[in-house]
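Numbering-wise, the sequence shown is residues -20 to -1, 1 to 386 according to mature numbering (1 follows the signal peptide of the UniProt record, and there is no 0). These notes are about the structure you will find just below.
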Amino acid sequence: MQASKLSTLTLAVAAAVALSACGKKEETAPAGAASAPAASASNVIKIGFAAPLTGPQSHYGEEYKNGVTLAIEDANAEKPTIGGKPVTFELDAQDDQADPKTATQLAQKFVDGKVAGIVGHFNSGTSIPASKIYSDAGIPMIAMATSPVFTSQGFKNTFRSMTSDTQQGGVMGKFAVEKLHAKKIVIVDDRTAYGQGLADEFEKAARAAGGDVVKREFTNDKATDFTAILTSIKGANPDVVFYGGADAQSAPMVKQMKRLGLKSPLISGEMTKTPTFLQLAGKEADGTIASLAGLPLEQMPGGKDYEARYKARFKADVATYSPYGYDAARTLIQAMEQANSADPKVYLPVLAKITHQGVTSSNWTYDEKGDLKDGGITVYKVENGQWKVMETVGGGAAAKDASAAK
């Protein structure tokens, strides 16, 4: 009993000492210490990013994200200030799974989280529905989306980081007829906003150049067996087959074309012009032709330096999209710095009129719709398992800079 009382007394004393120590610690804390984290947080400017980071298109999204990550790291290393205060840019990267419904949910999440701007989405099929939500909130977005619809909605907040399908599909349709001398053409697309849009523009340009589109087929962006379509195509004996879609479909398609004895070359867009296509298609990749927005990496104004720094940072080669993601993020940040504000209402008009000297172009500027003014197209062909440049069309100031640098 006595021991119990003594133990109780000891505990009471210990508690009193602890409370006293707590009170003393609070009294001696530096003034303003409690508010320091809040002050720091107020100087963080969040930039949202959305792309497929899981699933069959994750290799596109991850490389794209790497470019944006590098851009934000570079910007922060420059000790930026906005409104007279030091700021830190922070990336909020989310996986939209290349799914329109998920994309709109993420868009609302970004709006609720009060991000200053968006780099993304990657796909046209996700960028288009998400853009309405960002437009309603007045948040600028620079997307990889290439569908003409994306910047034709009348929104003031939509901008591209690559040329549109109108430019790319138009170049390839004309190229097929005039340079490849294709008279009979077959077109297949995956029915996505990107694939169908690119195929539509290719068809218009090919017909205008005098080509005859003898057959138009479609599949979906999950398919891998194209035997029925290709058997039907073989009967048409086309000079070329154009495919609008991603490498997850174009790679098995070209393998099955060769197996069925189709001698027509496969032509496609930038989602086929990837290292992944070469890996998936193997030796059957040879002869495939694909277009990609802009100049080849080695000819880009900042390409060589970017390539070296990208490899050092991510221990991987530059594939396709990361330089455009890098320039998009840097352009967004430049607009904020020039406007001296991260408030979308303040810096959006500056972004619309910006001239950015970037990795991919020394004259990154937008027209009234948000399309890039000086978007070049490069046509590539697979030879001995490697993408080789066939021809570069357009590119404006960037092309001139590349020629001068040679």
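Idealized CB from N, CA, C, for every residue including glycine. Computed from a prediction, not measured in an experiment: that's the story for all the values here.
Measuring CA to CA, which of the options is closest to residue i?
{"i": "MET251", "options": "ALA125, ALA57 and PRO109", "result": "ALA125"}
{"i": "ASN23", "options": "ASN56, LYS136, LYS243 and ALA73", "result": "ASN56"}
{"i": "ALA83", "options": "VAL129, LEU33, TYR44 and PRO128", "result": "LEU33"}
{"i": "ALA186", "options": "LYS81, GLU278 and PHE222", "result": "PHE222"}
{"i": "ALA270", "options": "LEU246, GLY283 and TYR290", "result": "LEU246"}
{"i": "PHE69", "options": "LEU50, ASP76 and GLN77", "result": "LEU50"}
{"i": "ASP72", "options": "PRO66, GLY63, ASP54 and VAL91", "result": "VAL91"}
{"i": "SER281", "options": "GLN37, SER341 and ILE167", "result": "The sequence as given places Pro at residue 281; Ser does not occur at that position. Nearest C-alpha to PRO281: SER341."}
{"i": "ASN217", "options": "ALA203, ASP192, GLN259 and GLY177", "result": "ASP192"}
{"i": "THR199", "options": "LYS89, SER107 and ASP169", "result": "ASP169"}
{"i": "LEU272", "options": "PRO36, ASP54, GLN259 and THR358", "result": "THR358"}
{"i": "GLN366", "options": "GLY267, GLU317, ALA162 and TYR114", "result": "GLY267"}
{"i": "THR138", "options": "PRO120, ASP354 and GLN176", "result": "PRO120"}
{"i": "ILE122", "options": "SER111, SER212 and THR372", "result": "SER111"}
{"i": "GLU183", "options": "GLY150, ALA296 and ALA173", "result": "GLY150"}
{"i": "LYS263", "options": "PRO276, GLU278 and GLN236", "result": "GLN236"}
{"i": "ASP354", "options": "SER144, GLY47 and ASN46", "result": "SER144"}
{"i": "LYS195", "options": "VAL220, GLY177, GLY175 and LEU178", "result": "VAL220"}
{"i": "GLU158", "options": "ARG171, SER132 and ALA188", "result": "ALA188"}
{"i": "LYS89", "options": "THR335, GLY153 and PHE29", "result": "PHE29"}
{"i": "GLY175", "options": "ILE27, THR311 and SER230", "result": "SER230"}
{"i": "VAL212", "options": "VAL166, PHE294, THR172 and GLY249", "result": "The question names Val, but residue 212 in the sequence shown is Ser. Among VAL166, PHE294, THR172 and GLY249, the Cα nearest to that of SER212 belongs to VAL166."}
{"i": "MET152", "options": "ALA322, GLU363 and SER248", "result": "SER248"}
{"i": "ILE52", "options": "PRO329, PRO303, ALA265 and GLU363", "result": "PRO303"}
{"i": "ARG171", "options": "ASP201, ALA162, GLY190 and LYS154", "result": "ASP201"}
{"i": "LYS78", "options": "THR311, GLY224, LEU260 and ALA173", "result": "Checking the sequence, you will find Ala at residue 78 rather than Lys. The shortest Cα separation from ALA78 among THR311, GLY224, LEU260 and ALA173 belongs to ALA173."}
{"i": "VAL234", "options": "ALA296, THR311, VAL362 and SER115", "result": "VAL362"}
{"i": "ALA224", "options": "LYS238, ASP205 and GLU181", "result": "Looking at the sequence itself, residue 224 is Gly, so the reference to Ala does not match. Ranking LYS238, ASP205 and GLU181 by Cα distance to GLY224 puts GLU181 first."}
{"i": "ALA87", "options": "GLU287, LYS295, TYR114 and ALA162", "result": "TYR114"}
Who pairs with residue i in a beta bridge, going by DSSP?
{"i": "THR138", "result": "MET121"}
{"i": "THR68", "result": "VAL24"}
{"i": "PHE222", "result": "ILE167 and ILE247"}
{"i": "ILE62", "result": "LYS65"}
{"i": "TYR360", "result": "ALA270 and VAL369"}
{"i": "ASP192", "result": "LYS164"}
Between residue i and residue j, which are expected to be in contact by the criterion C-beta below 8 Å, what is the C-beta distance as a whole number of angstroms?
{"i": "THR254", "j": "ASP227", "result": "5 Å"}
{"i": "ASP307", "j": "SER141", "result": "6 Å"}
{"i": "TRP344", "j": "GLY338", "result": "5 Å"}
{"i": "LEU242", "j": "LEU210", "result": "6 Å"}
{"i": "GLY274", "j": "VAL99", "result": "Actually they are not in contact, since the Cβ atoms of GLY274 and VAL99 sit about 17 Å apart, beyond 8 Å."}
{"i": "TYR44", "j": "TYR301", "result": "4 Å"}
{"i": "SER104", "j": "PHE130", "result": "6 Å"}
{"i": "ASN320", "j": "GLY118", "result": "That pair is no contact at about 18 Å."}
{"i": "THR256", "j": "HIS39", "result": "5 Å"}
{"i": "THR106", "j": "PRO128", "result": "Incorrect: roughly 16 Å between the Cβ atoms, too far for contact."}
{"i": "ILE334", "j": "ALA315", "result": "5 Å"}
{"i": "PRO60", "j": "GLU317", "result": "6 Å"}
{"i": "LEU178", "j": "GLN148", "result": "7 Å"}
{"i": "LEU312", "j": "GLY97", "result": "5 Å"}
Taking only three categories from DSSP, how would you classify residue i?
{"i": "ASP145", "result": "helix"}
{"i": "LYS380", "result": "Below a pLDDT of 50, predicted positions are generally treated as unreliable, and LYS380, at 43, falls in that range; no measurement from the model is reported."}
{"i": "PHE182", "result": "helix"}
{"i": "GLU197", "result": "strand"}
{"i": "ALA31", "result": "strand"}
{"i": "VAL339", "result": "coil"}
{"i": "SER271", "result": "strand"}
{"i": "VAL354", "result": "First, the residue type needs correcting, since residue 354 is Asp and not Val in the sequence shown. Residue state, collapsed to three classes: coil."}
{"i": "ILE334", "result": "coil"}
{"i": "LYS368", "result": "strand"}
{"i": "GLN77", "result": "coil"}
{"i": "TYR174", "result": "helix"}
{"i": "ASP323", "result": "coil"}
{"i": "residue 410", "result": "Here the chain covers residues -20 to 386 and nothing more, so residue 410 does not appear."}
{"i": "GLY241", "result": "coil"}
{"i": "SER132", "result": "coil"}
{"i": "THR49", "result": "helix"}
{"i": "THR126", "result": "coil"}
{"i": "GLN37", "result": "coil"}
{"i": "PRO281", "result": "coil"}
{"i": "TYR286", "result": "helix"}
{"i": "ALA57", "result": "helix"}
{"i": "THR204", "result": "coil"}
{"i": "THR252", "result": "coil"}
{"i": "PRO329", "result": "helix"}
{"i": "ASP297", "result": "coil"}
{"i": "GLU7", "result": "For GLU7, the predicted model reports a pLDDT of 35, less than 50, meaning its position is unreliable; a value from the coordinates is still stated below. The answer is helix: DSSP assigns GLU7 an H, G or I state."}
{"i": "LYS159", "result": "coil"}
{"i": "residue 387", "result": "With the chain running from -20 to 386 in the structure shown, residue 387 is simply not present."}
Does residue i have its Cβ less than 8 Å from a Cβ in chain C?
{"i": "MET316", "result": "This model lacks chain C altogether, as it is built from one protein chain only."}
Could you pull out every unbroken beta strand (DSSP E) segment of at least 3 residues lying fully inside the region 92 to 118, listed in chain order? 97 to 100
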